[in-house]
Structures are given as structure tokens and as C-alpha cells.
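Asker: Let me give you the structure first, and then I'll get to my questions.
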Amino acid sequence: MPEANARVNLSKSLSNLRRLFGDYLDIQRTQVGMAAKQPAYALDAAAFEEAAGTAREVNPTAERLHQAIDYYQDDFLAGFNVRGALDFEQWLETERLRLRAMVVQCLFALSQHYEKRHNYPQAIDQLRRLIRHEPWQEDAHRRLMWLLARSGQRTAALAQYSLCKSILADELDVEPSSETTDLYLYLRDGSGQPEVAVPEPSTQLAMVGRQTSWDALQKSWDAVPRTGIQCVILVGEAGIGKTYLAESWLAALHSQGYGTATSRGYPLQGGLLYEPILEWLRSDLFSPIFKHIPEGHRWALAQLLPERVPESPAMLQTGPAIWQRRHVFDALAWMIREPPGPIALLLDDMHWCDNETLDWLQYLTLSHTDARVLLIGTVRTEELHPDHHLHEFWRRLSHERRLRRVELEPLNRVHTATLGTFILGRSLDHAEAEQLFRLTEGVPFFVVEILEAHAGRKPALLADPSLSQRLVPAGLAFLIPPRMYAVIQERLSHLSSDAELVAGLAAAAGQPVSAGLLAHAARLDPDRLNFALDELWRRRVLCEDNGQYAYAHDRIRDVAYAELSPMQRTNYHHRLASTLAESYAADLGPASGRIAAHYEQSGETAQAVYFYELAADRARAMYAYEEMARQLQRARQLLAKLSTDSHSWLRDVRLLEKLGVALVALKGYAARDVLEIYSEAVERFRQASQNVDPPVLRALAVAHVVHNEFDQAAVLGQELLARGSSDNSTLWRVEAHYVLGITNFWIGEFLAGRRHLQTALAMYDPALLDQHLADCGQNPNVTCRSRLAYLLWYLGYADQAAVLADEATKLARQAGQPFGIVYALVWSLFVHSHRGDIDRTRRYADEAVSICTEYGLEMWRAMAAIFQGWAWAETGDVTRGVALMQQSLAALDATGARYALPYLGMLAQWYARAGRLDQAVALVDRGLSVVEERGPHCSTAELLRVSALLRNQVIGADEGVAATLERALSVARSQQARMLELRVLTTMVQLGVMRRAQDRAVAELRAVLAWFTEGTETRDLVDAAALLRDATN
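-14 is the number of the first residue of the sequence shown in our numbering; add one for each residue after it.
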């Protein structure tokens, strides 16, 4: 442009400036500037430049960075230009670039500030703003990808790579660098070697007031390589900082290259079984393990993670409940032990875990002590009621010295102020610190909420008295102070209508939900839902993890749910229930517990009953019998509220049958409530004039046997036999003969018992084994042989008894079912101990006790341990042996089983040998009182014999001793129990108290001994023969 024209343009421009801004400008011949002494004005560029200088500090404060960024509303003199002024344009562009670089520096510094404090939403927001200023900043894209992934938004991280690639191609015509591509591949499928500069997590914030707790975690971790598995429980009220401390410590550990995984429990009734464990297994730490699962574990894992381990027909298993459950436990333990250790696993909100998860954790910790694992749990004190399952878990682990319990208390004044300084990025003066402590009482969550909710204002401004007058719902009054309730309520009150709806649904859900489920339940189109979720995420109401949305903190959810009206709650729970039912229509099982809970909350009781029963079926399929029982009990409670009709009894009796199965699996037939449940089920059938289902008849009969109620057992056994015959069911005829066989055994009807057990074995069809196991939990080929063996000993066939007992044990071992093995071993112990085979008794007892301990079979463990003690006493360790027999008998009584009578004579004789005659007499008297009350018993003759022996030791031979022995002999002969008859006659000859002539007693003993054709080397026959030789001499 000619110089003359340029001067004309400049003259016009200066004239316009004087007219518009004359009072504020200082126009000189060579320059134009702002007038220093004119009316006050604010120059945003100068203020920004001054504030932005803080970005060059080592630790710039968030407050100053935010201030600088707020000044930068747009590029310098955006939209302003002077035609033809090339020098001016060049200067303007230079200034724009310089100032833009400064705001980019501020945004990056602010992003790092938030990242170090694990405030990923804010860190991500700053990086996105940075990229809007300079979209070609590949480092920023890469950093953003990493933060999105760390905050659980893997899909968004991958999408960010696509955006970065597109921008670089359009703007610079280049491909992303190898560093960015490697990160993308790593996030996509775990390949590649990402080189992302990950700043060390800020442990200072997590350690404010928590140095001791941090050290406790570190000490337990350091102990793992030496001692094996350890557990640390962080205990404290909600908001005290348990989760943040654990996650920060875990992040520091992860940054050192160690394997870590995180999961949590959720409060909603009907939660998923084993879900915290499965959440660990779904993490990247365990992904490689699924490629080489042993065949023995594939079946169990297929039940829990079908999406990872598809089930095949070859993997199907059958067997008793306790055995199947143990397979599940073993498979899960194998998975946890596979990654190279040591590893650390966090279970947040452990108090909300299902009991099956807690049982498994106890099993892992006590049975796999060499596992190189640190378990970290967080527990809220307010959720720990006296009978919570966690108390037993803690007790067992504490006893084994594998538990460290860390109590977290509120912060003191100094630490509260320190935390406030971290959050605000500046120091608090004394008044501010005091006000902050008074408002929050040192609870870290409240500190964060109250400062971030009032960013830029001093805490003193929160002294509004109306805040403490807010009405807090009764259920939350002891959990959330009125001021804090008001702060959270204020945050929620600014939500848009769509966001408020989504927040309400998420609060009603009670656990993470997918965007798809929220969209369906909220009836929002994708765009409106995304805007609502984005709003909730930016306001830190919800957080996202792998496509699932949940509340950022449970206290926020508590307030959100409390703010819903009763009508809204009912509506939201109905929406969630129906949406879940539609989403899982192909397989309702996994979601059935959640659906049931939502239908219950929405007042739709019939639907709730239906889905609680489905949830119980699902729990049974996963061998989670405690959860199964809980779901069925809830279903029955709700069913009782519905109006009765012609079909209501059938629904209730079906629930009773299933509840009986669950309780037998959990407690065994000895539990009184098992007897009560099945009795009620039979009564419901009778009231409806319907035939009782065979499984119910058998279960109730066995329960009566265990409680020494043999008359009732015999009646039910006959009814089961008739039912099996009318239905032409081999299975139920076999089971009926088994019931009648063991019933006749216990009442001393040995010949009838033998006939029934032999018939059962003759009728048994191996092709029906799986059905026997599924319906009755036992293999008749093992159980009938075991019981027949002991019965044959009474009848005098000691060698046949031993052979049959060994056959049963061999068959049980071939089948490989621990319960069957224990059953065979325990009943063979009666045979071998009575035969005097001390060595075999000791070996079998040790094996049985070991298996029972491993599988939690308390009743059977107690029975086997009595024989353990007997073997110790027989080999000279009398004190130890008698003590074990005494303790084990008490343990057997504690199970509710009435199996003590056969052991009382055995223990009483050892009491007597140890000089404890009073205890011996009391024990036998206890047994005889039961016999007098209940009627005939297989142990009657033996108890009478031992009673006579003890009376003879106490007061000597008299008519009472003789009468007792005569009665014992009469009982033994009436029962045709040749072995007991031999014992009684041997005692008569030994004591010389027979009313008849001594030579007559010897003759009768000789006649009985001559009857025996086998077992001549057993203890009873050897003793009798030796006594006869002495008498002859």
C-alpha cells in the first residue's frame, strides 16, 4: 500500500479511537497506550499475564490458575484488525501466540494439580479446554487418553485417539507418534509398550492425618512374602476417608509395577453372588489367566463367569451341596493365586458383601496361607450390627494372626486445616480453619464437599444459620449433619430436569447401572441421556466405570434418595424392575435378586415373590445356600401378605421344599429348623389333601432319625415306600428301604434293618446315581453298605462287617466325593474300633477329621474325632485321648444331632480307667434316661452292661449289678444282637454276679462263643475265649 494511503488510514483510525476511548488512551506520535491517570479500568490482558505468571512457580495454587484462566475469555483482540497495517498484524499475531501459550501452560498445570489429587473429572476438563485452544497438541491428547482410561472411561479414551489422529491428519498432514499409537494399542487390547509420563500419585493428600494407617498397610504388605496372605481392614464411619486412603496406597503400589485389583459391595438386597470376587477376576490383572484354566476348575468357573468360560456337557458335575460349593471355592482360589505375586486386592464396602463372598474370603485366608496376597477391606462402623457375618470372619483371621484392623477417626483441627489447604491451593487463616472444623467435625468427605461446593468463598461465609435448620430425614439424621445435608442438597437442587430424573433412578438402583438401562428406565433419547449423564458427571454426582454409572459417594446417594417423594420411589423402582426384566429376558437368573428387590420396593408383592424364588434358584445353581435361604425366607414373608387362593398353598410348599434343601446344605439334618421346615411342608400337603412329595418325606424321615424320633421316621419311611411303589419309582423305593433300614437299626430291630438295607442294595440302579445325588445328596451304594456293615457287627458277623465297610470306603473313594468318603469312613470306624483294630481306626479317623475340617462338616468331624481320642487312649495317651473324646462329644451335641448314645459307653469306660468314676456314672445315666424316654435303642444293652460295671466299681457286686446285667442280656437276646449278648455274658462271668450258678454262666458263654463262625481274632471273641480258658482251669 502506498505510504500516503497508509497515513490516511492511520489518521482515520486514531480519530475513531479518540472519539470512542479518548479518556482512556494516551495517543503519542509514535505509539498508542492506556492512560495511566484516567478513570479506573480493568485490562484483562494485563491481569491475565500477571496471574499466569504463577504457572511458572514450582507449586502454583489452583486458585491463582483458575483466576488466570478465567481472565482468558478468547484470543487477544479476537476479531480486531487494521486493513493494510502489516506490521501491526504481525505484532498482533505474535502477542496472540504468546498469550495463548501462557493459558495452555496454565491449563496443563491445573490439570496436573487435579490429577495428583485424583480428581480426574477436573483434570480431564482442563485438558479438553487446552485442546480447544491448541487441537494439534499431541501430548495433551495422549495425556487425556491416559486420564480417561484411569477414570474408567476406556471407550472414551479410544475415541480420543481417533479424534487426535483425524486432527493431526487435517491440520498437519501427519500420523500420530509411536508413543501415542503404543498407548492406544495398550488401552485397546493390552499390547504395545506405552510410554506415558505418569506423575507419581500424590500421597501427601491421602496421608493427611493418616500416616499411622498408611504405615499399617505398608507393614502388612511387607509381611506377605514372609508369612503369606494377610488382611487389613480399614474401619470407620462413611466419609472418613477409608476408600481414598486404600485407593491411594494401591495406586502407589501399582506405580511400582505390582498387580492390583479393586472391587466393592453394594447395599441393594438381592445383589449378585460372589460379585466382588468376580469383579477382581474381570480386571486386567487376571485376564491372561483365563487362557489356561485347568479342566478341573473350568466347570465351577463356568457357573460364575459364563461369558469368560463357556460351559460344555463334559463339564457338568453332580454331587452333595457341600462338595460342589467347595469346587467353586477351590476354582476361585486358584484364579487368585495364579498372577505372579505378591498382589494386592481391595474390597471396598466389605460390610455389604454377600455371605458367600465372606465365607470364601475366610476359606482363602485360612486354607491358602501361603498365597502371596494382601487383602484390603473397608468397613463402615454404622453398618456392623452385632450378628454381622464379618465378626466371625475377623475372629477367625485374628486367631490365625492374619488380620490387621485399622480404625480411622475424624481429623483433628490441624489436619482438617491441612486438608483444606490442599483442596483450596492456599493456606487457611485461623478463623477459616476453626470454621471449617466446626462445620465438618473433621470428616474428610465433608471437608471436600463444603469447600468445593463453595469454591472462591471463605468458609466463614457458610455460617448461614438456616443451614443448620434444614430438616434431615430421620434415617439419615445420625449419619449426615444438617449443614452437610444442606450442602449436598444444594448441589442436587441445581440439576436440570433430565439430570434430576437420571439421578433419582441411579439412587433407587443402589448399585452401578449402564447407560442403556438408565435410558430405558428414564425414557430419554440418547442425546438427552448423554447430556444428563455429562451434567451429573461434571457436577461430581455420578462417576463412570467401564460403562457403568454410580454415585460418586454413597452419602450423596443417601441424600438424593431421601429427597425423592414416596410416589417417585415407587415409580422409579417399578421402572428399574421392568427394565431389568426386559433386559435379562433371555436369562433372568443373574438379575433376579435385583428385580425382586425393586418390585418389593414398588409394592408389587406377587412379582417380588416370583423373582425372589428365581434368585434362590440362581443361588442354588451357584451353591450359595445361605443366599438361597435368605431369598426364600423373604419370598415367604411377602407371600404371607398376599390374599390366599387355591394355589397359594402350592407356592408356599414349593418355597418350603427349597428352603429345606438350603438349610440341610448349611446345617445338616441335625438342625431343629430343618425338622420344623419339613414338618410344616408335610402339614401343608396334608391340609390340601395332597400326596406329599417324595423328597419331602425322605428329608423329614431322616431329620426325625437324627433327633431319635424313630416312630415318626418309620411312619414316613413306610409312606415313602408306598409312594415309590405306586409310582413304580426304583429311586424312591431304594431311598425308602434305606430310611427304614437305618430306623430299624437305631431301635435295635437288626434283622428288619438288615432286610431293608439288603433290599435297597439289590434294587439300586447305578444309572440313577446322579438323581440320587441331586435329590438326596447321597450315593445309596455307599450309604447302605456302610450302615449294613455296622449292623452286621451287632448280629455277630464281624468279618463280613469289616469287608462291607471296606467296600463302602473303596466305592466312596472311587467316586471322589468328599462327603461320601467321610460317610463311609465314619461308619467304618464303629466297625473297626469294636473289632479292636486300633491302627485302622486311628488312620481312618485322622483321614475323616482332615476332610471334615477342610469341608466344614462339623457333625461328622465330631463323630470322627471321638474315635481319634479313643485311638490315642488305647495307645497309652489316656489324658489326651479322653480330653479329645469329651470335647468332641460336646461338639456333637452342639450340632443338634442325637448320635451320642453309641459313644457314651465307650467314653464312660475310659473315664473310669482314668479314675473319674462320677463322670462315668453321670454319662451312662444320661444315656439310660434317653432310652427310658425314647424307647428301645441299639445301644441299650451296652449302656446297661457298662452301668453294671461302674456300679460294681463303686459299691461292689450286689443284686443291683446282677439285675442290670440280666436286663442287658434280655435286651441283647430280644434284638438277636449276638455280639452284645457275648459282651454281657463275658461281663457276668468276669464279675461272678450271675444269680444262677457260675458254671451255668460259663456254659452259656461257651455256647454263645461256639455260635460264632467268623471274627475269632476280634477283641470281644478273643477276650471271651481267654476268660473261658481261665474259668476251665
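Glycine included, every Cβ here is placed at the ideal spot set by N, Cα and C.
Hey, Ser813 and Asp831: beta-carbon distance below 9 Å or not?
Answerer: Not in contact: Ser813 and Asp831 (Cβ atoms no closer than 9 Å).
Asker: Just to confirm the assignment, what range does the alpha helix (DSSP H) spanning Leu742 have?
Answerer: Where Leu742 is concerned, the enclosing alpha helix (DSSP H) stretches over 735 to 748.
Asker: Along the chain, where does the alpha helix (DSSP H) containing Arg846 start, and where does it finish?
Answerer: Counting along the chain, the alpha helix (DSSP H) containing Arg846 begins and ends at 843 to 859.
Asker: Note down, one range per segment and in chain order, each beta strand (DSSP E) of at least 3 residues found wholly within the stretch 773 to 807.
Answerer: For the stretch 773 to 807, not a single whole beta strand (DSSP E) run of length 3 or above is found.
Asker: Grouping DSSP H, G and I as helix and E and B as strand, with all else coil, what is Ala535?
Answerer: In this structure, Ala535 counts as strand in the three-state DSSP scheme.
Asker: Exposed or buried, Ser914, counting other C-beta atoms within 10 Å across all chains shown (16 or more means buried)?
Answerer: With fewer than 16 other Cβ atoms within 10 Å, it is exposed.
Asker: Quick check on the DSSP output: the beta strand (DSSP E) that includes Gln215 runs from which residue to which?
Answerer: That run of the beta strand (DSSP E) goes 215 to 221.
Asker: Comparing C-alpha positions only, which one of Ala614, Asp1008, Val313 sits nearest to Ala287?
Answerer: Ala287 has its Cα closest to that of Val313, out of Ala614, Asp1008, Val313.
Asker: Can you find the residues in the same chain that come closer than 6 Å, C-beta to C-beta, to Ser(-2), ignoring five residues on each side of it along the sequence?
Answerer: Within the same chain, Ser(-2) has no close Cβ partners at all.
Asker: Count the other CB atoms, across all protein chains shown, that sit within 10 Å of the CB of Ser451; report buried if there are 16 or more and exposed otherwise.
Answerer: With a pLDDT of 46 at Ser451, under the threshold of 50, the modelled position of this residue cannot be trusted; read the value that follows with caution. When all chains shown are included, Ser451 counts as exposed.
Asker: For the alpha helix (DSSP H) that contains Leu28, what are its first and last residues?
Answerer: Run containing Leu28: none; DSSP gives neither H nor E here.
Asker: Mind reading off the beta-carbon distance from Ala793 to Ala809? Whole number of angstroms is fine, and I expect it under 8 Å.
Answerer: The Cβ separation is near 4 Å, so the contact holds.
Asker: Please return the same chain residues whose Cβ sits closer than 8 Å to the Cβ of Leu1022, not counting the five positions on each side in sequence.
Answerer: Any question about residue 1022 goes unanswered here, given that the chain covers just -14 to 1018.
Asker: Starting from the Cα of Arg267, find the closest Cα among Arg525, Leu705, Pro279, Leu290 and give me that residue.
Answerer: Here the closest residue by C-alpha is Leu290.
Asker: Over the uninterrupted alpha helix (DSSP H) stretch that includes Val391, give me the two end residues.
Answerer: From DSSP, Val391 is part of no alpha helix (DSSP H) but of the beta strand (DSSP E) over 388 to 392.
Asker: If we call anything under 9 Å between Cβ atoms a contact, is Arg540 one with Gln586?
Answerer: Not in contact: Arg540 and Gln586 (Cβ atoms no closer than 9 Å).
Asker: Taking the continuous alpha helix (DSSP H) assigned at Val472, which residues delimit it?
Answerer: Start and end: 467 to 478.
Asker: Which same chain residues, not among the five before or five after His384, have their C-beta less than 6 Å away from its C-beta?
Answerer: Around His384: no qualifying Cβ.
Asker: DSSP has Ile109 in a bridge; who is on the other side?
Answerer: Looking at the DSSP assignment, Ile109 forms no beta bridge with any residue, so it has no partner.
Asker: According to the neighbour-count rule (16 or more other Cβ atoms, all chains shown, within 10 Å of its Cβ), is Glu392 buried or exposed?
Answerer: Looking at its Cβ environment, which holds fewer than 16 other Cβ atoms inside 10 Å, Glu392 is exposed.
Asker: For the alpha helix (DSSP H) holding Thr949, just list the boundary residues, first then last.
Answerer: Looking at the DSSP string, the run of the alpha helix (DSSP H) that includes Thr949 is 944 to 959.
Asker: Among residues of its own chain, excluding the 5 on either side of Gly653, which ones have a beta-carbon nearer than 6 Å to its beta-carbon?
Answerer: Only Met844 meet the Cβ criterion.
Asker: In whole angstroms, what is the alpha-carbon distance linking Glu999 and Ala948?
Answerer: Each residue's Cα considered, the two are about 31 Å apart.
Asker: Measuring only the C-alpha atoms, how far is Ala30 from Phe61?
Answerer: Rounded to whole angstroms, Ala30 to Phe61 spans 7 Å at the Cα level.
Asker: Does DSSP classify Ala142 as helix, strand or coil?
Answerer: Three-state result, Ala142: helix.
Asker: Would you mind stating whether Ile321 and Val364 have Cβ atoms separated by less than 9 Å?
Answerer: Contact flag unset, no.
Asker: Applying the 10 Å Cβ sphere with the 16-neighbour rule, what's the burial state of Ser577?
Answerer: Buried, because 16 or more other Cβ atoms sit within 10 Å of the Cβ of Ser577.
Asker: Check this for me: beta carbons of Glu419 and Gln474, under 9 Å apart or not?
Answerer: No; because the gap between Cβ atoms is not below 9 Å, this pair is not in contact.
Asker: Short check: CB of Arg708 to CB of Leu682, under 9 Å?
Answerer: Yes. Within cutoff.
Asker: Using the C-alpha atoms, what's the distance from Ser499 back to Asp512?
Answerer: Distance between the alpha carbons of Asp512 and Ser499 is about 15 Å.
Asker: Have a look at the DSSP bridge pairing and note the partners of Glu529.
Answerer: In DSSP, Glu529 forms a bridge with Tyr534.
Asker: Let me see if you follow: with CB-CB separation under 9 Å, is Ser714 close to chain E or not?
Answerer: Chain labels in this structure do not include chain E; a single protein chain is all it has.
Asker: Measure the beta-carbon distance from Arg772 to Phe730 and round it to whole angstroms, keeping in mind my assumption that it falls under 8 Å.
Answerer: Contact holds; Cβ gap of about 6 Å.
Asker: What residue range is occupied by the uninterrupted beta strand (DSSP E) comprising Leu413?
Answerer: Unbroken run through Leu413: none, as it is neither H nor E.
Asker: In this structure, how does DSSP classify Leu332 when only helix, strand and coil are distinguished?
Answerer: Here Leu332 sits in strand by DSSP.
Asker: For Ala707, report the span of its alpha helix (DSSP H) as first-last.
Answerer: Element bounds for Ala707: 695 to 711.
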